[in-house]
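*Asks:* Please see the structure below; I have some questions.
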Amino acid sequence: MSEKRLSLSPARFLSARRRHRSAGLVVLLFGLLAVGSAYAAFAPDNAVADNSAQSQQIEEGKKLFAVGCASCHGLNAEGGSNGEGKFAGPSLIGVGAAAVDFQVGTGRMPAMQPGAQIPRKTPAYTQEEIEALAAYVASLAPGPAVPGQESYDVSKATDDQVTRGGELFRTNCTACHNFAGRGGALPNGKYAPSLMGVSEKHIYEAMLTGPQQMPVFSDQVMTPQDKRDIIAYLKALQNQKDPGGFGLGRLGPVSEGLWGWLVGIGLLVCVAVWIGAKGVKAKGAKAE
Amino acid sequence: MSEDNLPAVKADEEHSQVQVAEPIPDPGLEPHEHRITDIDPKAADRVERQISAMFTLSTLLVLGACVAYFVIPRDAEIVFGPLSGNASNMTLGLSFGLALFLIGAAAIQWAKKLMVDEEIIEERHDGGASPAQETATVETWQQGVAESGFGRRKLIRRSMLGALGVIGLPAIVVLRDLGPLPGRSLYNTIWAKGIRVVNDVTARPIKPSDMVIGQLVNAIPANLPPLQEESAVEYQNARAKAAVIVVRIKPGEIRTKPGRENWGIDGILCYSKICTHVGCPISLYEQTTHHVLCPCHQSTFDLADGAKVIFGPAARPLPQLPLAVDAEGYLVAQSGFTEPVGPSFFERG
């Protein structure tokens with residue numbers, strides 16, 4: 104380099120070098136450095152903000168989600184890709200904590216395999232893990248929260264409320280779930296599950312969130328009191344005794360008729376065989 | 084068996100039978116073998132005791148049933164492991180049922196073990212009457228016709244046939260008691276302009292903002308009068324025709340039929356709940372597919388596509404009720420249904 108060039112002012116230096124071969128690269132590096140530093144300066148400090156328990160729970164849920172749920176529902180719960188022959192889980196943005204608590208709490212999620220219907224089974228997660236997952240999904244977008252104990256506690260339900268719950272149940276639920284809450288068939292291999300043995304909270308959450316094919320019964324249209332009455336009715340139904348010992352699915356004349364047909368006619372056949380059977384003969388003997 | 088019932092042996096030439104050689108020779112009766120009770124008086128006595136024990140037990144059971152009827156309280160329960168039931172019903176049913184069974188069982192045991200069991204052969208006799216009997220019958224009939232004057236006295240014959248012909252008329256006339264003709268009632272429901280759509284059972288009005296995507300509401304018109312004993316039939320008729328389902332579907336998934344662009348509100352659609360096949364109330368709704376299925380005969384309607392029939396025997400889509408919002412923000416009907424709800428009927432085809 105000549106002395107003349109060294110004496111240039113910085114502005115003149117840049118101006119003179121602007122067409123240099125590596126000028127573009129230098130500018131790009133400067134730009135990246137500036138944006139990076141600015142982000143570091145203005146972005147919320149994770150180490151400080153995450154101290155609250157809730158954020159920890161969300162973080163925990165996010166980790167669980169990435170391991171157990173993301174393969175179908177997408178890394179950010181945006182829904183799985185719908186490639187050729189691939190199963191796609193729906194987007195979970197806005198489904199709320201109640202939906203997670205229901206799906207994971209009844210063991211439906213994580214699903215064993217894609218299919219017409221995801222069945223109820225033993226939950227795979229602990230209650231704490233379910234709460235973390237619910238907190239994470241709820242943090243994505245507002246949605247129905249897990250109902251409090253007071254919303255579904257039916258231990259003090261009066262007979263009037265049970266009756267009213269029965270009316271609501273028969274109007275809104277029996278079409279799919281059967282008049283005795285024993286469930287029923289839906290098209291294409293799907294079915295409405297039995298409601299016997301389902302916890303109060305999960306029944307409430309199902310009405311609130313509409314899992315799988317089930318329509319939603321929002322709190323504004325079907326108030327918490329309505330829902331509580333329905334739950335009270337279902338619990339009363341569940342505690343009802345079956346005269347004779349067997350409910351036969353409480354399906355009414357179909358199963359009772361089949362039982363009568365098989366057992367009743369079977370007994371008649373046995374009697375007919377006895378009537379027609381020849382008794383023991385005394386070979387070669389003569390009557391006295 | 085009396086000899087009269089046996090076939091006349093070759094009575095005349097007209098009824099002669101063609102003799103066919105038996106393809107399989109008649110084996111005749113097996114040699115009779117005696118039962119133990121026939122040869123052993125002690126065994127016979129034992130069976131007699133069995134039979135009389137069954138009759139006696141039956142008597143005791145019937146008496147026991149009568150006593151149980153008075154003794155066992157009506158609400159008493161029998162609990163036996165998983166089996167449980169009303170004690171009175173069970174005792175009465177078991178004792179009386181067993182008593183009846185024992186009478187039958189005793190009678191059969193008696194017939195099988197003690198009554199005579201000698202095999203006998205009873206030949207089948209000819210089915211037709213003898214020619215002499217046939218002639219006698221025809222003669223009697225003709226004599227009756229002549230003596231009654233049925234052929235000769237035409238006035239009596241015709242008036243009698245007339246009387247017998249109209250005797251069935253009252254059976255047709257009383258069909259009128261099946262009820263008055265339906266008139267225009269099948270074309271109308273109580274839905275009309277401005278009638279609020281309210282929840283069935285709770286009668287609570289609905290705001291569009293109350294409904295979320297995937298919601299189902301079983302609804303009735305707000306002007307349905309309360310159920311009263313004197314107008315119960317009118318109430319049931321009005322209610323049965325006016326029941327609707329309201330659903331909210333993502334607006335992007337709805338295929339609106341031409342002319343129905345303003346019938347829904349942000350994806351909230353209202354359809355008749357009465358199946359167009361034979362009128363079952365349907366609310367078996369799958370929110371993922373927007374299909375509503377009739378449990379009676381599996382007619383399936385796509386609510387996102389104007390309730391088009393996509394499966395089953397229904398002949399036409401569910402009628403849609405045009406919705407609007409009133410001044411207070413509640414869902415109301417724009418008008419009544421624009422077509423009759425429910426199944427097809429004679430005048431409509």
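Protein sequences appear in the order of chains A and B. Numbers in my numbering are just positions in the first sequence, counted from 1, shifted up by 103. Numbers in my numbering are just positions in the second sequence, counted from 1, shifted up by 83. Just so it is clear, CB atoms sit at the ideal spot from N, CA and C, and this is done for glycine as well. Since this is a predicted model, take the numbers as computed values, not measurements.
Helix, strand or coil for B/F179? Go by DSSP, reduced to three states.
*Replies:* B/F179 falls in the helix class under three-state DSSP.
*Asks:* According to DSSP, simplified to helix, strand and coil, what is A/G197?
*Replies:* It is coil, neither helix nor strand.
*Asks:* Would B/P405 be called buried (16 or more neighbouring beta carbons within 10 Å of its own) or exposed?
*Replies:* Its Cβ being crowded by 16 or more others within 10 Å, B/P405 is buried.
*Asks:* Quick check on the DSSP output: the alpha helix (DSSP H) that includes B/P286 runs from which residue to which?
*Replies:* Rather than Pro, the amino acid found at residue 286 of chain B in this sequence is Ala. Neither: B/A286 is in no alpha helix (DSSP H) and is coded neither H nor E.
*Asks:* Tell me, to the nearest whole angstrom, how far the beta carbon of B/A416 is from that of B/I278; I am working on the premise that it is less than 8 Å.
*Replies:* Between B/I278 and B/A416 the Cβ distance is about 5 Å, and since that is below 8 Å, they are a contact.
*Asks:* Scan the segment 165-187 of chain B for residues whose Cβ lies nearer than 7 Å to a Cβ of chain A and list them as they occur along the chain.
*Replies:* Per Cβ criterion, the list reads P165, L166, S167, G168, N169.
*Asks:* So, helix, strand or coil for B/S85, using DSSP?
*Replies:* With a pLDDT of 49 at B/S85, under the threshold of 50, the predicted position of this residue should be treated as unreliable, though the coordinate-derived value follows. B/S85 falls in the coil class under three-state DSSP.
*Asks:* Name the residues in the segment 104-117 of chain B whose C-beta lies less than 9 Å from a C-beta of chain A; which are they?
*Replies:* So the close ones are E116, H117.
*Asks:* Are the C-beta of B/L414 and some C-beta of chain A separated by less than 8 Å?
*Replies:* Output row for B/L414: interface = no.
*Asks:* Would you say A/E270 and B/V284 are within 8 Å of each other, going by their C-beta atoms?
*Replies:* Cβ distance < 8 Å, so A/E270 and B/V284 count as in contact.
*Asks:* Hey, is A/A200 close to the ligand MN, as in C-beta under 7 Å from one of its heavy atoms?
*Replies:* Ligands displayed in this structure: none; no statement on the ligand MN is therefore possible.
*Asks:* The alpha helix (DSSP H) with A/C276 in it runs from where to where?
*Replies:* No alpha helix (DSSP H) holds A/C276; DSSP gives it neither H nor E.
*Asks:* Decide if the segment 362-371 of chain B is in contact with the segment 322-330 of chain B; the criterion is three or more beta carbon pairs, one per stretch, under 8 Å apart.
*Replies:* Taking 8 Å as the limit for Cβ pairs, the verdict is that the segment 322-330 of chain B does touch the segment 362-371 of chain B.
*Asks:* Can you tell me whether B/F384 is buried or exposed? The criterion is at least 16 other CB atoms within 10 Å of its CB, across all chains shown.
*Replies:* Buried.
*Asks:* Beta carbon of A/L311, beta carbon of A/A201: below 8 Å?
*Replies:* Going by C-beta atoms, A/L311 is nearer than 8 Å to A/A201.
*Asks:* For the segment 269-286 of chain A, list every residue whose C-beta sits within 7 Å of some C-beta in chain B, in sequence order.
*Replies:* Correct list: E270, L271, T274, N275, A278, C279.
*Asks:* DSSP on B/F394, reduced to helix/strand/coil?
*Replies:* Three-state result, B/F394: strand.
*Asks:* Mind checking which residues open and close the alpha helix (DSSP H) that includes B/V145?
*Replies:* Taken as a continuous stretch (DSSP letters only), the alpha helix (DSSP H) holding B/V145 covers 124-154.
*Asks:* According to a CB-to-CB cut-off of less than 8 Å, which residues of the segment 282-295 of chain B neighbour chain A?
*Replies:* Taking 8 Å as the Cβ-Cβ cut-off against chain A, the residues of the segment 282-295 of chain B that qualify are N282, D283, V284, T285, R287, I289, K290, S292, D293, M294, V295.
*Asks:* If you measure from the beta carbon of A/S358 to each beta carbon in chain B, is any gap under 8 Å?
*Replies:* So no, A/S358 is outside the interface.
*Asks:* So, is the C-beta of A/E391 closer than 8 Å to a C-beta in chain B?
*Replies:* Bear in mind that a pLDDT of 49 at A/E391, under 50, signals an unreliable position, so the model cannot answer this.
*Asks:* On a Cα-Cα basis, can you pick out the residue from B/I289, B/R267, B/F153 that is closest to B/A407?
*Replies:* Looking at the Cα atoms, B/I289 is the closest of the given residues.
*Asks:* Taking only the alpha-carbon atoms, compute the straight-line gap between B/D128 and B/A194 and give it to the nearest angstrom.
*Replies:* When rounded, the distance between both Cα atoms is 14 Å.
*Asks:* For B/W346, count neighbouring C-beta atoms within 10 Å of its own C-beta (all shown protein chains included) and say buried if the count is 16 or more, exposed if not.
*Replies:* Burial call: buried.
*Asks:* Suppose only complete runs of 3+ residues qualify. What are the beta strand (DSSP E) ranges in the segment 153-222 of chain B, listed by chain order?
*Replies:* Whole beta strand (DSSP E) segments, 3+ residues: 160-163, 166-169.
*Asks:* In its own chain, which residues sit with a C-beta less than 7 Å from the C-beta of A/A288, not counting the 5 before and 5 after it?
*Replies:* For A/A288, where only same-chain residues beyond five positions count, the Cβ hits under 7 Å are Y294.
*Asks:* Determine, for B/V300, whether the minimum Cβ-Cβ distance to residues of chain A falls below 8 Å.
*Replies:* With 8 Å as the cut-off, B/V300 counts as an interface residue toward chain A.
*Asks:* Quick check: is the beta carbon of A/D263 nearer than 8 Å to any beta carbon in chain B?
*Replies:* No, no contact with chain B.
*Asks:* Any Cβ of chain B within less than 8 Å of the Cβ of A/S242?
*Replies:* No - not a single Cβ of chain B is within 8 Å of the one on A/S242.
*Asks:* What first and last residue would you give for the alpha helix (DSSP H) that runs through B/F233?
*Replies:* Here B/F233 belongs to no alpha helix (DSSP H), and DSSP marks it neither H nor E.
*Asks:* Entirely within the segment 362-419 of chain B and at least 4 residues each: give me those alpha helix (DSSP H) ranges in chain order.
*Replies:* Fully enclosed alpha helix (DSSP H) runs of 4 or longer: not present.
*Asks:* For A/P213, does the three-state DSSP call read helix, strand or coil?
*Replies:* Residue state, collapsed to three classes: coil.
*Asks:* Please say whether A/G199 and A/G246 have beta carbons closer to each other than 8 Å?
*Replies:* Yes, Cβ-Cβ distance for A/G246 and A/G199 is below 8 Å.
*Asks:* Indicate whether at least one CB of chain A lies closer than 8 Å to the CB of B/A127.
*Replies:* Taking Cβ atoms only, chain A never reaches closer than 8 Å to B/A127, which makes this a no.
*Asks:* Considering only residues of the same chain and omitting the five flanking positions on each side of B/R287, which have a CB-CB separation below 7 Å?
*Replies:* Result list for B/R287: V281, in chain order.
*Asks:* A/A248 versus chain B: which residues are under 9 Å apart at the beta carbon?
*Replies:* Neighbours of A/A248 on chain B: none; closest Cβ ~14 Å, over 9 Å.
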